[in-house]
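Heads up, the sequence shown stops at 332 in my numbering, and the numbers go up one at a time, no gaps. In this text, a Cβ means the ideal position worked out from N, Cα and C, and glycines have one as well. Remember, it's a predicted structure, so these values are computed and weren't measured experimentally.
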Amino acid sequence: MADEFTFSFTTTRFDEDYSPSESSRMTTNFANLARGEQRQQNLRNTLAMINRRFNDLAHWDNPNGDRYVVELEIVSVQLQFAAEGAHQQFPLLEILDTQIVDRWTGARHHGIVGNNFSSYVRDFDFSVLLPAFNEGAIKPSVPDDFGDLHGKLFQHFLDSAAYEERFAKSPVICISVSTSKTYHRTANHHPVLGVEYQQDEFSLTDEYFGKMGLRVRYFMPRGSVAPLAFYFRGDLLNDYSNLQLISTISTMETFQKIYRPEIYNANSAAPAVYRPSLEAQDYSLTEIAYDRVERSQLAITQGKYTEEHFITPHREVLEQWAGGYLTRVA
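Below you can see the structure in the form of structure tokens.
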């Protein structure tokens with residue numbers, strides 16, 4: 003049955019001329035930045051921030067801070083399967099692929115795939131399924147099988163021939179730390195990822211990514227003001243080169259400065275015991291427009307779209323496939 007769930011890719015260059023495709027989730031970071039009157043300036047400024055941060059971290063043999071350029075490509079993944087006697091297709095997820103261009107030598111280095119993570123099924127889980135499950139509840143809770151289908155689909159994608167033919171290494175997804183948890187600085191320090199933080203218990207997002215077969219570690223790179231959450235398979239510190247890790251840090255820290263300036267563009271760095279908050283007042287805004295309210299509203303719209311066009315009409319096929327699929331534990 004698993005072989006009947008296959009995947010195909012389309013790719014879109016993320017540059018100052020980028021426009022979201024009709025199948026792109028509008029809540030995703032890059033789609034949000036590419037709308038409105040200032041869309042091109044938004045994109046130009048975002049890419050400039052990424053390149054400055056990359057060269058800041060890749061400072062060796064780089065005296066003018068301009069040796070490297072990061073190129074980004076959006077990878078849109080379609081799920082293909084048979085149901086109701088017909089071939090079906092659904093836009094499963096979007097990730098970012100990075101390329102590093104060395105302007106001195108002309109060499110191109112593949113960075114890391116993953117980085118940003120966008121998923122219609124995750125929208126359904128968090129914006130439709132979870133609120134309905136907790137409607138009228140005194141104490142919020144989570145269904146026992148929350149994220150199971152999404153996690154199995156993602157792991158099947160990583161183990162698919164389509165992924166293995168295109169990408170040599172497992173993805174790394176980098177997002178904000180949770181505002182519901184407290185993080186403690188450790189003595190561990192990586193030359194690129196920076197100082198490591200740990201927390202006493204996983205957040206709901208950590209557990210959700212765990213069902214996707216991904217572990218999490220939290221690092222605050224040099225020059226950053228808050229730790230980032232890195233989700234990965236394998237060995238984060240040894241499976242990737244310094245330049246590859248820098249490509250993810252520079253890209254995703256830039257998005258977080260724009261999206262969550264209260265945390266990632268704060269005017270002071272995280273202390274040894276750190277509880278991130280979106281209520282913080284001591285931060286600076288970038289001059290890049292980002293509509294957080296629209297993002298939240300669209301997550302609900304896209305979750306309902308997933309329910310109507312994927313979950314409900316194909317429930318029997320999805321349950322049958324998921325019931326026979328064995329996942330790995332993060």
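Three-state secondary structure (DSSP) of residue i
i      : result
Phe126 : helix
Tyr220 : strand
Ser78  : strand
Leu247 : helix
Ala164 : helix
Asp99  : strand
Val72  : strand
Leu320 : helix
Ile52  : helix
Ile114 : strand
Tyr327 : coil
Pro93  : strand
Thr14  : strand
Phe204 : coil
Thr8   : strand
Leu132 : helix
Leu336 : A question about residue 336 goes unanswered here, because the residues of the chain that appear run from 3 up to 332.
Tyr334 : This structure does not reach residue 334, given that the chain is present from 3 up to 332, and the question cannot be answered.
Asp104 : strand
Ser21  : coil
Ser252 : helix
Distance CB(residue i)-CB(residue j) smaller than 9 angstroms
i      : j      : result
Thr250 : Thr13  : no
Val115 : Ile97  : yes
Glu203 : Thr188 : no
Gln52  : Thr253 : Going by the sequence as given, residue 52 is Ile instead of Gln. It is a contact, given that the beta carbons lie within the stated cut-off.
Leu74  : Asp19  : no
Val174 : Asn240 : no
Phe156 : Met214 : yes
Val72  : Thr308 : no
Ser324 : Asp150 : Correcting the residue identity first, residue 324 is Ala in this sequence and not Ser. Result yes, Cβ atoms of Ala324 and Asp150 sit closer than 9 angstroms.
Trp106 : Arg55  : no
Phe11  : Gln91  : no
Ile260 : Ile302 : no
Thr112 : Asp104 : For the sequence presented, residue 112 should be read as His rather than Thr. No, they are not a contact pair.
Phe148 : Leu132 : yes
Ala231 : Cys176 : yes
Contacting residues, own chain, Cβ-Cβ under 8 angstroms from residue i (five flanking each side not counted)
i      : result
Tyr185 : Val179, Tyr199, Gln200, Gln201, Tyr220, Pro229, Ala272, Val275, Tyr276, Arg277 and Pro278
Asn136 : Pro142 and Ser143
Val194 : Leu59, Pro223, Asn244, Leu247, Ile248 and Ile251
His353 : This structure cannot settle anything about residue 353, because the visible part of the chain is limited to 3 through 332.
Arg262 : Ser178 and Leu280
Ala282 : Glu264, Ile265 and Ala268
Ala164 : Thr8, Phe9, Ser10 and Phe11
Nonlocal neighbours in the same chain, by C-beta distance under 6 angstroms from residue i, ignoring five residues either side
i      : result
Ser25  : Low confidence applies to Ser25: its pLDDT is 49, below 50, so where it sits in the model is not reliable, and the reading given next is rough at best. Hits under 6 angstroms: Pro93.
Thr8   : Gln82
Ser162 : Phe9
Ser121 : Leu95
Residues near residue i by beta carbon distance below 7 angstroms, same chain, minus five either side
i      : result
Arg15  : Glu75
Thr207 : Ser180
Phe234 : Ser172, Val174, Leu216 and Arg217
Ala139 : none
Does the segment 181–199 come within contact of the segment 41–48, defined as at least 3 CB pairs closer than 8 angstroms? no
Should the segment 223–230 be called in touch with the segment 253–267, which here means at least 3 C-beta pairs below 8 angstroms? yes
Meets three-Cβ-pair contact criterion under 8 angstroms: the segment 81–93 and the segment 47–66: Under the 8 angstroms Cβ criterion, the segment 81–93 does not count as touching the segment 47–66, having fewer than three qualifying pairs.
Meets three-Cβ-pair contact criterion under 8 angstroms: the segment 111–129 and the segment 305–312: yes
Would you mind listing the alpha helix (DSSP H) stretches within the segment 274–314 that are 4+ residues and don't spill past its ends, in chain order? Whole alpha helix (DSSP H) segments, 4+ residues: 294–308.
What are the uninterrupted segments assigned as beta strand (DSSP E) that are 3 or more residues long and contained completely in the segment 143–201, given in chain order? 174–178, 185–192 and 196–201
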